[in-house]
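S.K.: I am attaching a structure below and will ask some questions about it afterwards.
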Amino acid sequence: MYTEKVMDHFQHPRNVGEIENASGVGTVGNAKCGDIMRIYLDIDDNQIIRDCKFKTFGCGAAIATSSMATELVKGKNIREALEVTNKAVMEALDGLPPVKVHCSLLAEEAIHAALWDYAEKHDIKIEGLTKPKNDISEGEEDEDEY
Amino acid sequence: MNKLIYLDNAATTKTAPEVVEAMLPYYTEQFGNPSSIYGIGAANKDVITEHREIIANALGAKTSEIYFTAGGSESDNWALKATAEAYQSKGNHIITSKIEHHAILHSCQYLESRGFEVTYLDVDENGVVDLEELKAAIRPTTILISIMFANNEIGTIQPIREIGEIAHEHGILFHTDAVQAFAQVPINVEEYHIDMLSSSGHKLNGPKGIGFLYIRTGVKIRSFVHGGAQERKRRAGTENVPGIVGYGTAVARAMRTMEERTAKEKELRDYMIERIENEIPYCRLNGHRTKRLPNNVNFSFRFIEGESMLINLDLNGICASSGSACTSGSLDPSHVLLAIGLPHEIAHGSLRMTLSEEITKEDIDYVIDHLKDIVALIRSMSPLYEDFLKKNNKGE
């Protein structure tokens with residue numbers, strides 16, 4: 001069902017974790033649909049992405065696309081990072097099953113959401129970046145059931 | 001990876017060697033059509049009767065009340081659609097539950113589109129139908145109650161005898177989908193007041209592509225597949241002789257082994273449940289703790305999603321299943337898990353493991369040891385778990 005590359009990134013995900021005091025953090029998706037991605041960016045004064053980490057709640061494809069997306073944006077400047085589209089993530093993984101394409105869209109949105117957060121925090125405008133539509137609100141579900 | 005631990009026996013089972021052996025001659029030398037006049041054909045009529053009888057005896061039914069079909073889904077479709085049609089002069093109302101198999105639920109939706117009315121009963125947090133709610137749902141126009149014997153996902157066994165009694169007190173037909181329950185728990189159609197019962201061969205170490213519908217004598221139910229006069233003119237099509245032989249052999253075998261097999265499975269099931277509850281935090285057993293199929297274990301693990309668990313289990317040679325959206329092909333997790341009141345994100349993190357007689361305690365230990373690591377690993381990647389830990393730290 002999954003390509004070797006997807007399985008590789010699922011089994012050995014790159015850049016899992018958090019960045020303390022990150023320059024930008026973006027969380028997209030929602031628990032209802034079964035996918036949440038959070039991407040942390042560490043961006044230097046030259047607007048280069050020095051580090052990128054992720055945390056993902058989701059299926060194999062969601063974890064693999066998050067991992068690949070972080071690999072693709074690392075070391076790039078913010079304008080280049082904007083060009084990391086869902087298509088680019090999918091191609092880098094040698095494709096995804098049709099029902100999993102939304103995972104790659106989520107990865108693209110997560111990067112955009114993190115960049116938007118960075119732009120807001122630093123009071124700058126990134127050309128071509130629009131406000132992420134998919135940002136989840138915190139604590140929308142009752143957590144302490146049992 | 002050579003090790004293979006198959007814990008998906010609710011999906012399908014391994015065909016027993018004695019079943020395959022019994023079937024083989026009916027593909028080769030004894031291939032004749034039972035409707036033919038000559039020896040190698042006509043002899044197969046008796047073969048069918050013999051195996052029909054085995055099945056009838058297992059249920060306390062008459063031989064003439066067992067009708068072979070192509071499987072559980074066909075039996076469910078037939079029971080619902082044909083009964084609805086046959087009894088529509090009496091009424092147009094059907095009662096079922098929210099946790100039925102899709103063969104029932106989608107048949108009900110189809111009937112709704114044809115003018116029938118369907119009540120979908122709620123279940124409690126353990127997946128049990130409320131008898132008072134059932135009684136309250138009965139209308140003068142109710143023609144059929146269809147409640148599954150045991151649930152395929154969470155293993156909960158319904159109070160079938162009581163449901164049957166209520167149905168018969170009100171003069172309503174009672175159908176039960178026993179695809180998961182047959183040969184796992186004793187069933188007697190008289191004692192339980194069952195008018196129709198669906199079953200499938202491949203769930204009890206029999207072949208795929210064969211099932212039956214038990215239809216009590218006197219129930220007016222029309223033909224669903226039209227054509228020849230097979231199955232007392234109620235289900236056309238040349239009989240699947242190898243399938244019927246395999247099914248009968250599998251039922252005979254299952255009845256012979258039931259007591260010992262299910263006692264062993266229950267012990268391992270409870271051992272597995274206990275180890276998971278003791279060793280993996282933030283989990284929930286889905287389904288009733290005791291009114292439960294002997295081989296069913298179903299847990300939700302918070303903060304993680306089912307498919308990533310399944311892939312990791314598969315990488316370790318363990319076959320299981322999940323009610324997450326990713327495994328259902330839609331965005332919604334299992335309707336059964338939602339019906340027992342799980343929030344979406346917890347339903348996404350469900351894992352079903354269904355045992356067989358071949359599973360040993362060592363297998364269970366191997367599975368739990370890996371499962372612990374897998375759950376911890378996926379949680380370490382989960383933003384939900386991260387948020388939960390942060391919230392908890394703040395709270396302290």
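Line by line, the protein sequences give chains H and R. My numbering applies: residue 1 is where the first sequence begins, and numbers increase by one. My numbering applies: residue 1 is where the second sequence begins, and numbers increase by one. Glycine included, every Cβ here is placed at the ideal spot set by N, Cα and C.
Just checking: is the beta-carbon of Arg38 of chain H within a distance shorter than 7 Å of some beta-carbon in chain R?
M.R.: Interface residue, yes.
S.K.: Provide the residue(s) that pair with His93 of chain R in DSSP beta bridges, ordered along the chain.
M.R.: R:Glu117, R:Thr142, per the DSSP bridge assignment.
S.K.: Using beta-carbon positions only, say whether Lys5 of chain H and Leu93 of chain H come within less than 7 Å of one another.
M.R.: Cβ distance < 7 Å, so Lys5 of chain H and Leu93 of chain H count as in contact.
S.K.: Pull up the DSSP beta-bridge partners for Gly29 of chain H, would you.
M.R.: DSSP lists H:Ile36 as partners of Gly29 of chain H.
S.K.: Is Pro351 of chain R near Ala320 of chain R, with beta carbons less than 7 Å apart?
M.R.: Strictly speaking, residue 351 of chain R in this sequence is Leu, with Pro absent from that position. Yes, these two residues count as a Cβ contact at 7 Å.
S.K.: Assuming Tyr368 of chain R contacts Glu279 of chain R (C-beta within less than 8 Å), just tell me the rounded distance between them.
M.R.: The sequence given here places Ile at residue 368 of chain R; Tyr does not occur at that position. That pair is a contact at about 7 Å.
S.K.: Taking C-beta pairs closer than 7 Å, name the residues in chain H that Leu384 of chain R reaches, listed in chain order.
M.R.: The contacting residues are Ala31, Ile36, Phe57.
S.K.: Going by the CB atoms, is the gap between Asn151 of chain R and His288 of chain R shorter than 7 Å?
M.R.: Not closer than 7 Å, so no.
S.K.: I want to see whether chain R comes within less than 7 Å of Asp135 of chain H, judged by CB atoms only; does it?
M.R.: Residue placement at Asp135 of chain H is flagged as unreliable, the pLDDT there being 49, under the threshold of 50; the coordinate-derived value follows with that caveat. Chain R contact via Cβ: absent.
S.K.: Using a Cβ cut-off of 9 Å, which residues of the region 287-316 of chain R contact any Cβ in chain H, in chain order?
M.R.: The residues in question are Arg302, Phe303, Ile304, Glu305, Gly306, Glu307, Ser308, Leu310, Ile311, Asn312, Leu315.
S.K.: Mind checking which residues open and close the beta strand (DSSP E) that includes Thr176 of chain R?
M.R.: Counting along the chain, the beta strand (DSSP E) containing Thr176 of chain R begins and ends at 173-177.
S.K.: Quick one: is Glu140 of chain H near chain R, going by C-beta distance under 7 Å?
M.R.: At Glu140 of chain H the pLDDT is 42, less than 50, meaning the model places this residue with poor confidence; the figure from the coordinates comes in the next sentence. It does not; no Cβ of chain R falls within 7 Å.
S.K.: Span of the beta strand (DSSP E) holding Tyr67 of chain R?
M.R.: 66-69 is the extent of the beta strand (DSSP E) around Tyr67 of chain R.
S.K.: State yes or no: is the beta carbon of Val16 of chain H nearer than 7 Å to at least one beta carbon in chain R?
M.R.: Cβ-Cβ to chain R under 7 Å: yes for Val16 of chain H.
S.K.: Does Gly26 of chain H get closer than 7 Å to chain R when you measure Cβ to Cβ?
M.R.: Output row for Gly26 of chain H: interface = no.
S.K.: Compare the beta carbon distance of Ser223 of chain R and Phe57 of chain H with 7 Å and say whether it is the shorter of the two.
M.R.: Going by C-beta atoms, Ser223 of chain R is not nearer than 7 Å to Phe57 of chain H.
S.K.: When you compare the CB of Gly148 of chain H with every CB in chain R, is at least one pair closer than 7 Å?
M.R.: Here chain H comprises residues numbered 1 to 146, so residue 148 of chain H is not present and cannot be evaluated.
S.K.: Please return the same chain residues whose Cβ sits closer than 6 Å to the Cβ of Met37 of chain H, not counting the five positions on each side in sequence.
M.R.: Within the same chain, Met37 of chain H has close Cβ partners Val28, Gly29, Thr56, Ser66, Leu106, Ala110.
S.K.: Are the C-beta of Ser324 of chain R and some C-beta of chain H separated by less than 7 Å?
M.R.: Yes, contact with chain H.
S.K.: Under 7 Å, do Gly243 of chain R and Ala236 of chain R count as touching if we go by C-beta distance?
M.R.: Contact flag unset, no.
S.K.: Please name the residue, chosen from R:Ala376, R:Lys394, R:Lys208, that lies closest to Ser308 of chain R on a Cα-to-Cα basis.
M.R.: Among R:Ala376, R:Lys394, R:Lys208, the Cα nearest to that of Ser308 of chain R is on R:Ala376.
S.K.: Is the distance from the Cβ of Glu265 of chain R to the Cβ of Asn295 of chain R below 7 Å?
M.R.: The answer is yes: Cβ separation under 7 Å.
S.K.: What separation, rounded to the nearest whole angstrom, lies between the Cα atoms of Arg161 of chain R and Gly91 of chain R?
M.R.: So the alpha carbons of these two residues sit roughly 24 Å apart.
S.K.: Would you mind reading off the limits of the beta strand (DSSP E) that contains Gly211 of chain R?
M.R.: Looking at the DSSP string, the run of the beta strand (DSSP E) that includes Gly211 of chain R is 211-215.
S.K.: Would you mind listing the alpha helix (DSSP H) stretches within the region 311-393 of chain R that are 4+ residues and don't spill past its ends, in chain order?
M.R.: Complete alpha helix (DSSP H) runs here, min 4: 325-328, 335-339, 344-347, 361-380.
S.K.: Report buried or exposed for Phe182 of chain R, applying the criterion of at least 16 other Cβ atoms within 10 angstroms of its Cβ.
M.R.: So Phe182 of chain R ends up on the buried side.
S.K.: For a cutoff of 7 Å on Cβ pairs, would you count Ser255 of chain R as touching chain H?
M.R.: Looking at the sequence itself, residue 255 of chain R is Met, so the reference to Ser does not match. By this cut-off, Met255 of chain R is not an interface position.
S.K.: Between Asp144 of chain H and chain R, is the shortest Cβ-Cβ distance under 7 Å, so that the two count as touching?
M.R.: Residue placement at Asp144 of chain H is poorly supported in this model, since its pLDDT is 38, which falls under 50; the coordinates are not used for a value here.
S.K.: As a quick exercise: from R:Arg216, R:Ser97, R:Lys361, R:His193, pick the residue whose alpha carbon is nearest that of Trp119 of chain R.
M.R.: One point to set straight first is that residue 119 of chain R is Thr, not Trp, in the sequence displayed. Comparing Cα positions, the closest option is R:Ser97.
S.K.: In the DSSP assignment, find the beta strand (DSSP E) that holds Phe299 of chain R and state where it starts and stops.
M.R.: Start and end: 296-301.
S.K.: Run through the DSSP bridge pairs and tell me what Thr156 of chain R is partnered with.
M.R.: Per DSSP, R:Arg292.
S.K.: Mark Arg253 of chain R as exposed unless 16 or more other C-beta atoms lie within 10 angstroms of its C-beta, in which case mark it buried.
M.R.: Arg253 of chain R should be labelled buried.
S.K.: For Pro281 of chain R, which residues in chain H fall below 9 Å Cβ to Cβ?
M.R.: By Cβ distance, chain H contributes nothing, its closest Cβ being about 11 Å from Pro281 of chain R, past 9 Å.
S.K.: Considering Cα atoms alone, identify which of R:Glu74, R:His168, R:Pro159, R:Ala178 is closest to Ala10 of chain R.
M.R.: It is R:Ala178.
S.K.: For Arg14 of chain H, tell me which candidate among H:Cys33, H:Asp51, H:Ala113, H:Ser23 has the shortest Cα-Cα distance.
M.R.: Measuring from the Cα of Arg14 of chain H, the nearest candidate turns out to be H:Asp51.
S.K.: Quick one: is the Cβ of Ser89 of chain R within less than 6 Å of any heavy atom of the ligand ATP?
M.R.: Summarising the ligand content, the structure contains no ligands, and the ligand ATP is consequently not present.
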